[in-house]
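Each remark here refers to the structure printed beneath this line.
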Amino acid sequence: MKKKYYITTPIYYPSAKPHMGHAYSSISTDFIARYRRLEGFDVEFVTGTDEHGQKIQKSEKKKNLPPLDFCNKISKVFLDLGKVLNLSNTDFIRTTENRHYKTVQKLWKILEEKKFIYLSKYSGWYSISDEAFYSESEIIDKENIKLCEATGSIVEWVEEESYFFKLSEFQDILIKHYEDNPDFIQPASRRNEVISFVKDGLKDLSISRNSFKWGIPVPNSKDHIIYVWLDALANYLTASNYDEENSFWPADVHVIGKDILRFHAVYWPAFLFAANIPLPKKIFAHGWILSGDEKMSKSKGNILDPIEIIEQFGLDEIRYYLMKEVMYGLDGKINTDNLKNCINSDLANNIGNLSQRIFVLINKHFDCNVPDPKILSEQDNNLINFPIENLKKTMSNFEIHNYIREIIAYSSRINKFVNDEEPWSKVKNSDPRVGAILYISLNALKNIFILLHPVMPSKAEHYLSCLNIDKNNISLELINQNLSVGAELKMPGIMFKKYI
Ligand code: MSP
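Just add 454 to the spot in the sequence shown (first one is 1) and you have our numbering.
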């Protein structure tokens, strides 16, 4: 039986249309999911929408629609974007679904039975935009407006009866968990941030609201709904059928943006410890996609529409650009000039050109069949054999950008080899070495496209189908298994367009 792997994206607020930052979160998660499939895992990959809370209720009012109608509309936009992005998710969860109500209410009851919940009164700052409670020390005053310093979002003073979760009891348990599991939060810089936040002391957390109704009701309470983050985090349990046999829970990794680390690395493990449910193995916080020097976000009005860019440059090209140029874990600026440079230099001039040169010769001189190399030297074999162990190491640290860089470096080596060997001259003299040069390059291209499958699934599937590799058989096992001599090939055509 295949080993299981469970990976999740954050679930998105359907309060506004998705932008490039959301697309980035999803594409990078898809990359990891697809890579694990190449390694042979049975991957459950969950994404979806986070539909309750004041933020949604407020935006719903703007459009004069009842909350659920509004959510149905925008949740579908996220669902459709997933198709445009060619995500390989196995589930799309909406927190307004019945299956999720059941999980959240059950989790609440467990926490209540275990005496981690009590009724009191909350008075403090709340940001609707972040759906987060902030302490006085996190607030600044800017021209008489109170803002959360870290996120820049407006906060308001809230005083209401609320149920509390005894978060303060989990400080030592959490610190011990971070120390015993150094890879629980990645990258390491984020881990240090979380540890210092927890070491500063944890206060009990308000986990219900009673001033509006759009949420999952607290069991046996007329007035309270469950805090939207407790509701949202539990989606990871719902989607994995966590309490059933053969469930995918615990998650191997929750991929999130760095702005929502506190919820995932502090509150979420504390809830799970309290409920005696196993913890996810890892939280990976990626950086932000910046527009200029600022986070891309609707409130800043600096968003790039993924659909428009994809229409202009192609999906696989955009996926490639984002995954290679933004170092995974750090912020990254994106713009169309860099995008064009990246497509031209890596895709069109490097991989595309290599493929084009090789296939023209194979077609003309070998009837479009895999050439016979006759003799291969040790050096030749070293060129074909891709150093897969290095790549595996980069992926165990989630260094997606380095994974891609290794592949490009390999493609450059093969291009240099072809330049040095000049098969186009040798063919004129019927030099028997031509078969070997083309055979080496062709097998290298096979390796390149297998390894690029997580980042450019459609292009890779097309290319590999021309080499008689079916999309369902693409796997790391085929790396360094050479193509059969004499097998008939199809011309892949021009793979990448150049931009001026
Ligand atoms: N609903 C919560 C998540 C709940 S998960 C249990 C939420 N939603 S969100 O729609 O605001 O953000 C979803 C994800 O998109 C977050 O991981 C966030 O970091 C990411 N991004 C939003 N803007 C972004 C960029 N400009 N760049 C990269 N990712 C960003 O938070």
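C-beta: ideal position from N, C-alpha, C; glycine also.
Beta bridge counterpart(s) of residue i as assigned by DSSP
i	result
P671	I679
R548	T503
N823	E942
A739	I710
A586	S581
K575	E615
C602	I593
I429	Outside the displayed span of the chain (455 to 954) sits residue 429, for which this structure offers no information.
S607	The partner list for S607 (beta bridge, DSSP) is empty, contrary to what the question assumes.
Buried/exposed call for residue i, threshold 16 Cβ in 10 Å
i	result
F948	Position check: residue 948 holds Ile in this sequence, whereas Phe was assumed. Exposed: under 16 other Cβ atoms inside 10 Å.
F666	exposed
D654	exposed
D800	buried
D759	exposed
V939	exposed
P521	buried
M455	exposed
V814	exposed
W562	buried
D484	buried
E590	exposed
P464	buried
Q508	buried
E771	buried
D685	buried
N730	exposed
K414	Outside the shown range of the chain (455 to 954) lies residue 414, about which nothing can therefore be said.
P827	buried
P723	buried
G755	exposed
C-beta contact flag for residue i and residue j at 8 Å
i	j	result
T549	H506	yes
F499	S542	yes
S607	D584	yes
H855	M777	yes
I816	I933	no
Q640	K736	yes
N804	I761	no
A604	L535	no
W683	F717	yes
F651	K620	no
V531	K471	yes
D834	A890	yes
Rounded C-alpha distance that separates residue i from residue j
i	j	result
D697	N540	30 Å
I812	P946	11 Å
E493	S929	6 Å
S895	V872	8 Å
S919	D885	30 Å
S879	K952	27 Å
D821	N936	19 Å
L565	E647	27 Å
D523	K794	40 Å
L628	L744	32 Å
I710	A487	14 Å
N633	S574	Note that residue 633 is Glu in the sequence shown, not Asn. Going from the Cα of E633 to the Cα of S574 covers about 33 Å.
L769	F702	30 Å
Y467	I763	22 Å
S751	K787	13 Å
T501	S643	26 Å
G670	C525	The sequence given here has Ile at residue 670, not Gly. One C-alpha to the other measures close to 15 Å.
D785	H740	8 Å
Local conformation of residue i per DSSP, three classes
i	result
K752	helix
A705	coil
G494	coil
T790	helix
G655	coil
G746	coil
G536	helix
L733	coil
L921	coil
Y459	strand
Q640	strand
S622	helix
S662	strand
E699	coil
Residue i: CB within 7 Å of a non-hydrogen atom of the ligand GDP
i	result
P886	Judged by which ligands are present, the ligand GDP is missing from the structure shown, whose ligands are the ligand MSP.
Any chain C beta carbon closer than 8 Å to residue i
i	result
D885	Chain labels in this structure do not include chain C; a single protein chain is all it has.
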